[in-house]
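The listed protein sequences correspond, in order, to chains Y and B.
Residue numbering for the first sequence follows our numbering, starting at 1 and increasing by one per position.
Residue numbering for the second sequence follows our numbering, starting at 1001 and increasing by one per position.
No residue lacks a Cβ here, since even glycine has one placed at the ideal position from N, Cα and C.
Written out below as structure tokens is the structure these notes cover.
There are 2 protein chains.
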Amino acid sequence: MSWNRVAVVGAGLIKFGELFEQSYEQMAAGAFQAAVGSVDRGFEPSQVDAAFVATQRGTLWGQEGIGGNTVPTAIGLAGIPCTRIENACPSGSDAFRVGAMAVASGVHDVVLVIGVEKMRDKSTEEGLLSRAASGHPIFTRGETAPVLFAPFATRHMHEYGTTREMLASVAVKNHYNGARDPFAHFQNEITVDDVLASPPVCHPLHLLDCCPQTDGAAATLLVSAERAAEFTDRPVFVAGFGVATDHPYLHEKTTFTALKATTAAAERAYKMAGVEPAQIDCAEVHDCFTITEILDIEDLGFVEKGKGGVASLDGETSLQGRIPVNTSGGLLAKGHPIGASGVAQLTECWWQLRGDAGERQVEMRNGYALQHNVGGRGSGVSVVNILTTNA
Amino acid sequence: MSWNRVAVVGAGLIKFGELFEQSYEQMAAGAFQAAVGSVDRGFEPSQVDAAFVATQRGTLWGQEGIGGNTVPTAIGLAGIPCTRIENACPSGSDAFRVGAMAVASGVHDVVLVIGVEKMRDKSTEEGLLSRAASGHPIFTRGETAPVLFAPFATRHMHEYGTTREMLASVAVKNHYNGARDPFAHFQNEITVDDVLASPPVCHPLHLLDCCPQTDGAAATLLVSAERAAEFTDRPVFVAGFGVATDHPYLHEKTTFTALKATTAAAERAYKMAGVEPAQIDCAEVHDCFTITEILDIEDLGFVEKGKGGVASLDGETSLQGRIPVNTSGGLLAKGHPIGASGVAQLTECWWQLRGDAGERQVEMRNGYALQHNVGGRGSGVSVVNILTTNA
């Protein structure tokens, strides 16, 4: 049956975008304040027992350094235990899982999970390419993210007849949703023609098939289920989660039409939560590229393998569709500040489950929302978290 | 009372040193094999449910990238959940705490905690200084580690009459112990005169007051206490742990004769374990510099504040002393491969508790061993773990 030993009693984020005017620490403080302010019965910052900070590029980009050390002081909690979690693009979702286990272990009663990422202050040349110059094994080979995901798109097109229009329909839907999310980096609607006509990046992915580089921060507050009533009468529980790794390099992959890490992580999460894919009411999934969302909805069991493109074009994943996906705008429109992304997705799930998603609100039939990230070179790791309103 | 819900049933490390001939992944595999081989009743690698990898400089140095993704495949466990933990110098000890909470939460039964760090493949100029060139807020100001710790030494000398000879006695003791540890980077004995005559680095710290730059890897295997008997009839339990952060920058410190993060982390760990400092039989503490060990033994409650230098000179912390400290040789002689250091210290504690420390073996009166790291710019975080043979 469901695990449900940990409750989410607060969640929030800052407006994603190009946040040159905010430091890493200010972004963290903004997200923490948003989460604190969201707690129905009020929350004193000093109630936080421990924190987990997701930041992926702290030492790569250079200006944040050691987030686990600097964030507590920045948010007024100097002294608390604080640990940085890094797990590629799922850093935020994995920090949430680790935070949930810390609560479930009985060691910490009230845990802050916060994701923060500065993506814009340094140019790609200063950041990534300086690593290439010093001999980084991936970047020196030109393996940027679009290059790692494009082969999955071409193979999916070849095997299943997926078209560029189907890919584009994912971006159109997510921008439609993002235009209704006040926290999204991009809040403009686009058309299939816009996507097709946007500049090519790596065939068949064009600019609007790719998520932007975005600064952002998000936070959630976790407490033991027994204490949830102190904070809210509308708790959301952690029903289950799953993590899986996969061979990290493309040449080790056995398929280019699925991300095995996602399939395995989802299987573990569904088992822990005691639910089937059909019971999920809405999902925030990792749409770093349009093809990724198509793979995700297949690998998570929402649609049959190979049908992701058609399902997207047919509106099955729209706000009114059978399984609404990326109601927040997703990485494509809301943005992808790596460490923050998973935590922001969980915030959207929390809003949807509590009926607080405004004009993005979808129908909650079973009371389950799923959050998913996949990442690492060639998708070496995936994390799936399932939240529920069912006690 | 004691927590004791998690047992350590295996631990091991590879010989620390300049390991140019081994890749990051090979080092991880070596440590994992050492831990597997140490399990009394045998251990199948496939029994590992989840892993936590401590690597501090993955993205800084550039060649390891995303350790959480690459380590599982490298050690034959592709597919398992694996998360990278980064928390400055205590990365390894914090990964151990997170792994223990994962077991205690009931989510994972058998957890691998592995610390791996490559320190030598890149020169300081290519690694740290290239970050300075790109605007890193610490390195650009010349705040390397000796510069951050030297003011604590001069202030301790000023307030308590601590001398360079007392500092040196720490290095002499740890090299004596390291000469008896086949895994230590340096296995040569030194004298107080050697330390005093070694080249100055940052007054009053000379070269032999500083730990070396070392490559290394270490691993531990954690299981739920109920399952310990499947693996050994000599289990070691996790009695407690504590983590504390502090204001990260030197200008925010309220004292230069103590590391507040250590005091707070120790208080939490002692409380969780239900023990007093006097009950600890031996300790592995963070001697990145000689002054650090002197601060540590005071902040951990082994000696009175201000008496750490005298106690070291008097042999209170030697193998035959009242409270043997850094029996493994410590960071000063064994080396400090950051992510691996804490896990290696825990391995030494495990050996001491089980009576397997060979000529370094000290008397176990109460069955408690303590492991400690402190780190981050100006010591922004500390982690203390306490292990015990008491069920």
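Cross-chain neighbours of residue i in chain B, by beta carbon under 7 angstroms
{"i": "residue 247 (chain Y)", "result": "1073, 1078"}
{"i": "residue 280 (chain Y)", "result": "By Cβ distance, chain B contributes nothing, its closest Cβ being about 21 angstroms from residue 280 (chain Y), past 7 angstroms."}
{"i": "residue 94 (chain Y)", "result": "1083"}
Chain Y contact residues for residue i, given Cβ-Cβ distances below 7 angstroms
{"i": "residue 1098 (chain B)", "result": "83, 98"}
{"i": "residue 1105 (chain B)", "result": "101, 104, 105"}
Cβ neighbour criterion (16 or more within 10 Å) applied to residue i
{"i": "residue 1046 (chain B)", "result": "exposed"}
{"i": "residue 156 (chain Y)", "result": "buried"}
{"i": "residue 41 (chain Y)", "result": "exposed"}
{"i": "residue 1320 (chain B)", "result": "exposed"}
{"i": "residue 94 (chain Y)", "result": "buried"}
{"i": "residue 169 (chain Y)", "result": "buried"}
{"i": "residue 271 (chain Y)", "result": "exposed"}
{"i": "residue 1 (chain Y)", "result": "Annotation note: pLDDT 42 at residue 1 (chain Y) (below 50); position unreliable, coordinate value reported separately. Classification for residue 1 (chain Y): exposed."}
{"i": "residue 123 (chain Y)", "result": "exposed"}
{"i": "residue 188 (chain Y)", "result": "exposed"}
{"i": "residue 1345 (chain B)", "result": "buried"}
{"i": "residue 1191 (chain B)", "result": "exposed"}
{"i": "residue 121 (chain Y)", "result": "buried"}
{"i": "residue 92 (chain Y)", "result": "buried"}
{"i": "residue 220 (chain Y)", "result": "buried"}
{"i": "residue 1158 (chain B)", "result": "exposed"}
{"i": "residue 374 (chain Y)", "result": "buried"}
{"i": "residue 251 (chain Y)", "result": "exposed"}
Nearest neighbour of residue i, chosen from the options [CA to CA]
{"i": "residue 48 (chain Y)", "options": "Y:22, Y:81, Y:346", "result": "Y:81"}
{"i": "residue 360 (chain Y)", "options": "Y:351, Y:367, Y:366", "result": "Y:351"}
{"i": "residue 1333 (chain B)", "options": "B:1158, B:1384, B:1050, B:1214", "result": "B:1214"}
{"i": "residue 298 (chain Y)", "options": "Y:271, Y:52, Y:264, Y:275", "result": "Y:264"}
{"i": "residue 171 (chain Y)", "options": "Y:4, Y:318, Y:3", "result": "Y:318"}
{"i": "residue 362 (chain Y)", "options": "Y:375, Y:374, Y:348", "result": "Y:348"}
{"i": "residue 88 (chain Y)", "options": "B:1092, B:1066, B:1075", "result": "B:1066"}
{"i": "residue 1202 (chain B)", "options": "B:1174, B:1164, B:1116, B:1108", "result": "B:1164"}
{"i": "residue 1043 (chain B)", "options": "B:1085, B:1199, B:1111, B:1254", "result": "B:1111"}
{"i": "residue 1023 (chain B)", "options": "B:1071, B:1011, B:1052", "result": "B:1071"}
{"i": "residue 166 (chain Y)", "options": "Y:20, Y:341, Y:195, Y:286", "result": "Y:195"}
{"i": "residue 119 (chain Y)", "options": "Y:389, Y:17, Y:78, Y:288", "result": "Y:17"}
{"i": "residue 257 (chain Y)", "options": "Y:185, Y:56, Y:293", "result": "Y:293"}
{"i": "residue 1011 (chain B)", "options": "B:1342, B:1175, B:1160", "result": "B:1342"}
{"i": "residue 39 (chain Y)", "options": "Y:311, Y:240, Y:354", "result": "Y:354"}
{"i": "residue 1358 (chain B)", "options": "B:1274, B:1340, B:1200, B:1177", "result": "B:1177"}
{"i": "residue 335 (chain Y)", "options": "Y:116, Y:232, Y:77, Y:97", "result": "Y:116"}
{"i": "residue 1278 (chain B)", "options": "B:1369, B:1098, B:1033", "result": "B:1369"}
Cβ separation of residue i and residue j, assumed to be a contact under 8 angstroms, to the nearest whole Å
{"i": "residue 1209 (chain B)", "j": "residue 1379 (chain B)", "result": "The Cβ separation is near 17 angstroms, so there is no contact."}
{"i": "residue 1069 (chain B)", "j": "residue 376 (chain Y)", "result": "4 angstroms"}
{"i": "residue 1029 (chain B)", "j": "residue 1223 (chain B)", "result": "Actually they are not in contact, since the Cβ atoms of residue 1029 (chain B) and residue 1223 (chain B) sit about 21 angstroms apart, beyond 8 angstroms."}
{"i": "residue 1291 (chain B)", "j": "residue 1152 (chain B)", "result": "6 angstroms"}
{"i": "residue 1281 (chain B)", "j": "residue 1366 (chain B)", "result": "6 angstroms"}
Contacts of residue i in chain Y (Cβ-Cβ under 9 angstroms)
{"i": "residue 1342 (chain B)", "result": "Simply none; closest approach about 13 angstroms."}
{"i": "residue 1087 (chain B)", "result": "66, 68, 69, 82, 83, 84"}
Contacts of residue i in chain B (Cβ-Cβ under 9 angstroms)
{"i": "residue 377 (chain Y)", "result": "1065, 1066, 1069, 1070"}
CB contact check: residue i to chain C, cutoff 7 angstroms
{"i": "residue 1379 (chain B)", "result": "Among the protein chains in the structure shown, which are Y and B, there is no chain C."}
**Message:** Please list, in chain order, the residues of the stretch 263–278 of chain Y that have any C-beta partner in chain B closer than 9 angstroms.
**Reply:** Per Cβ criterion, the list reads 264, 265, 268, 272.
**Asked** Which residues, taken in chain order from the stretch 221–255 of chain Y, show a beta carbon closer than 7 angstroms to some beta carbon of chain B?
**Response** Under the 7 angstroms Cβ criterion, the stretch 221–255 of chain Y contributes 243, 244, 245, 246, 247, 248.
**Prompt:** Which of the residues in the stretch 361–391 of chain Y, read from start to end, lie with their CB under 8 angstroms from any CB of chain B?
**Reply:** Close to chain B, meaning a Cβ-Cβ distance shorter than 8 angstroms, are the following residues of the stretch 361–391 of chain Y: 376, 377, 380, 381.
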